[in-house]
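Here's the structure, in structure tokens; my notes come after.
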């Protein structure tokens, strides 16, 4: 498991430009000094983003040696040393805030995902993220979900077609909509249909959608609806699912649950950086 540097170099470069602008005004004070330091977990959780500091040091000029001690996806205890650094003090401190901002957020997402997986306690059901990510951070947020044991839903509007309530309102007849959509996007892209009523569920089954999403339904309704869906159609439950009611969906037979709160209600994991 790991982030692809080529994929994240462009957003990280933007983040550096946002933070450093025309340059760190304290850098002249540091001159050519070198330093050592460490990233430290101040609370327990699941690590994600361990490569971020190293990527930032590369973009700042390769003047820092970064040694990770814990891999992404591994459990952190309070006091765990995540990584050690040695090199240019100016570059170390220039990347400090960016490194922590991303590592804390990503580890918070990974920790929440791992907690959700443990709470559901049903390996037959996939836990998915959503597109409810912070703009510009989707690749980082979704990677963090994988670190916590979750699975990525679509990355954008381009890799899976979803007919939601607004599409229903605009088009009307679901069967015709799916037929025309399949003709337009080809046979390799899947079509998911969001349903909110029993009548919509039956229409989606008749139209042979690839995936049917039960939107904002109780666990009892989900179980009843799932019994009507043939095995050839995947099912997803979305809306109103929290850590408090998550376990109620265990054993329901659905293919997956999607949890928007994993990435839109993030509680950062407390990680610090200290110079020796």
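Numbering (the working numbering), first residue to last: 803 to 1078.
Note that CB positions come from ideal geometry on N, CA and C, so glycine has one too.
Item                                                                                                                          : Value
Own chain residues within Cβ distance below 7 angstroms of residue 869, not counting five before or after                     : 885, 886
Identified DSSP bridge partners for residue 927                                                                               : Answer by DSSP bridge pairing: none, since residue 927 is not bridged.
Status (buried if at least 16 other CB within 10 Å, exposed otherwise) for residue 982                                        : exposed
Buried/exposed call for residue 972, threshold 16 Cβ in 10 Å                                                                  : exposed
Own chain partners of residue 1066 with C-beta closer than 6 angstroms, once the 5 adjacent residues on each side are dropped : 934
Minimum length 3: unbroken beta strand (DSSP E) runs contained in the region 1009 to 1062                                     : 1013 to 1017, 1036 to 1040, 1058 to 1060
Cα-Cα separation between residue 1038 and residue 1057, rounded to whole angstroms                                            : 6 angstroms
Residue 889 beta carbon less than 8 angstroms from that of residue 867                                                        : yes
Counted within 10 angstroms of its Cβ, other Cβ atoms place residue 882 as buried (16 or more) or exposed                     : buried
For residue 1077, the residue or residues it bridges with in DSSP                                                             : 839
Of the residues 853, 1024, 1009, the one placed nearest residue 1016, counting alpha carbons only                             : 1024
Sequence-distant residues of its chain with Cβ nearer than 6 angstroms to residue 1063 (five each side left out)              : none
Every unbroken beta strand (DSSP E) inside the region 897 to 971 [3 residues or more]                                         : 928 to 930, 963 to 965
Residue range of the beta strand (DSSP E) that includes residue 869                                                           : 866 to 870
Span of the beta strand (DSSP E), counted from its first residue to its last, around residue 888                              : 883 to 890
Range of the contiguous beta strand (DSSP E) that encloses residue 997                                                        : 993 to 997
Beta-carbon proximity list for residue 844, same chain, < 6 angstroms, skipping 5 on both sides                               : 1072, 1074
DSSP state of residue 812 mapped onto helix, strand, coil                                                                     : helix
Of the listed residues 1011, 863, 839, 969, nearest to residue 744 (C-alpha basis)                                            : Lying before the first or after the last residue shown, residue 744 is absent from the chain, which here runs from 803 to 1078.
Backbone CA spacing between residue 989 and residue 1041 [nearest angstrom]                                                   : 28 angstroms
Run of the alpha helix (DSSP H) containing residue 766, from where it starts to where it stops                                : The structure shown has nothing for residue 766, since the chain only spans 803 to 1078.
As assigned by DSSP and simplified to three states, the class of residue 1071                                                 : coil
Residue of 941, 898, 965 minimising C-alpha distance to residue 908                                                           : 941
Which listed residue (1069, 1022, 936, 825) has its alpha carbon closest to that of residue 893                               : 825
Straight-line gap, residue 919 to residue 1031 (C-alpha atoms, nearest Å)                                                     : 25 angstroms
Counted within 10 angstroms of its Cβ, other Cβ atoms place residue 1047 as buried (16 or more) or exposed                    : exposed
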